[in-house]
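J.: Dumping the structure here so I can ask a few things about it.
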């Protein structure tokens with residue numbers, strides 16, 4: 204039996220019954236429910252009523268009332284701060300929220316709460332996979348100016364240039380980064396020496412990574428990068444941010460990180476990061492890929 208901490212970010216209380224039906228599928232585990240009501244989106248009357256409804260189903264539920272700052276990722280960091288301060292340890296954490304698109308929400312919930320949930324958990328444990336979500340998507344460089352700064356806050360190593368590769372293949376020392384990519388791909392070199400996040404390539408193509416997408420939009424920048432990188436994609440995130448996370452690994456990654464400081468740095472509204480880079484969307488990407496980086500370098 205696993206200790207499963209489920210964090211639910213509720214902006215639409217009418218979706219509680221739907222979410223509850225999925226949680227009930229894994230009740231043979233030891234479930235701990237943590238619910239955040241978006242107090243800037245839900246009335247106090249409704250919050251009071253739904254606390255009673257949820258308590259009836261899950262008597263040991265813990266409730267929070269935080270604003271929808273940084274969308275669902277912001278209150279999740281405050282939840283992690285609560286776990287740390289109260290020395291609460293879980294085997295796995297599940298992060299979900301009341302996503303408005305019904306079809307997408309249904310698929311995301313089914314992915315985290317399958318009929319064979321316990322088999323899925325065992326498979327993840329057996330294969331030492333510390334993060335799981337639906338629709339894995341390659342890291343896309345959309346919010347790179349924030350990504351690089353945020354990664355510095357974590358207990359991680361991340362390679363951003365070709366120094367290690369050129370040290371191993373000195374014949375590439377004086378060629379440009381696109382030629383280095385070509386060298387790696389066509390000579391079937393060891394991809395473990397190529398960068399995790401290819402800042403050298405990004406800057407070669409577009410200049411200062413701290414610039415917003417004022418001329419070439421983010422999706423077009425990513426299309427160009429993707430064509431060059433090809434199959435050498437190392438990092439993936441999960442759009443929708445419905446996540447299953449190994450709690451012990453998360454604590455190690457964020458051990459020196461101030462969760463409240465992250466929360467305060469997030470935007471109050473959700474921006475279109477195809478045009479303007481955002482810290483909110485950066486953390487939505489960094490959270491899952493941090494587990495992949497941690498596993499790689501451990």
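In the working numbering, the protein residues as written are 204 to 501.
Positions of the beta carbon are idealized from the N, C-alpha and C atoms, including for glycine.
Going by Cα to Cα distance, which pick from 215, 260, 333 and 479 is closest to residue 241?
T.: 215
J.: Around the C-beta of residue 405, are 16 or more other C-beta atoms found within 10 angstroms, so that it is buried, or is it exposed?
T.: Here residue 405 is buried, its C-beta having at least 16 other C-beta atoms within 10 Å.
J.: In terms of alpha-carbon separation, which member of 232, 368, 327 and 447 lies closest to residue 393?
T.: 368
J.: Tell me whether the stretch 411-418 and the stretch 378-397 touch, counting them as touching only if at least three CB pairs, one residue from each stretch, are closer than 8 Å.
T.: At 8 Å Cβ cutoff, the stretches do not touch.
J.: Just to confirm before moving on: does the CB-CB distance between residue 359 and residue 496 stay below 8 Å?
T.: yes
J.: What is the DSSP secondary structure of residue 433, reduced to helix, strand or coil?
T.: coil
J.: At what residue ranges does the stretch 228-265 contain a whole run of the alpha helix (DSSP H), taking only runs of 4 or more?
T.: Scanning the stretch 228-265 for uninterrupted alpha helix (DSSP H) segments of 4 residues or longer gives 247-260, listed from N- to C-terminal end.
J.: For residue 347, collect the residues of the same chain with a Cβ closer than 7 Å to its Cβ; drop the 5 residues on either side in sequence, then sort them by chain order.
T.: Contacts found: 405 and 412.
J.: Going straight from the alpha carbon of residue 363 to that of residue 251, what length do you get?
T.: Approximately 48 Å between the Cα atoms of the pair.
J.: Could you check the C-alpha separation between residue 408 and residue 277 for me, to the nearest Å?
T.: 32 Å
J.: Nearest-angstrom Cα distance between residue 161 and residue 301?
T.: The requested residue 161 does not occur in the structure, where the chain is confined to residues 204 to 501.
J.: Confirm, please, whether the CB-CB distance from residue 269 to residue 239 is below 8 Å.
T.: yes
J.: Along the chain, where does the alpha helix (DSSP H) containing residue 465 start, and where does it finish?
T.: Residues 462-468.
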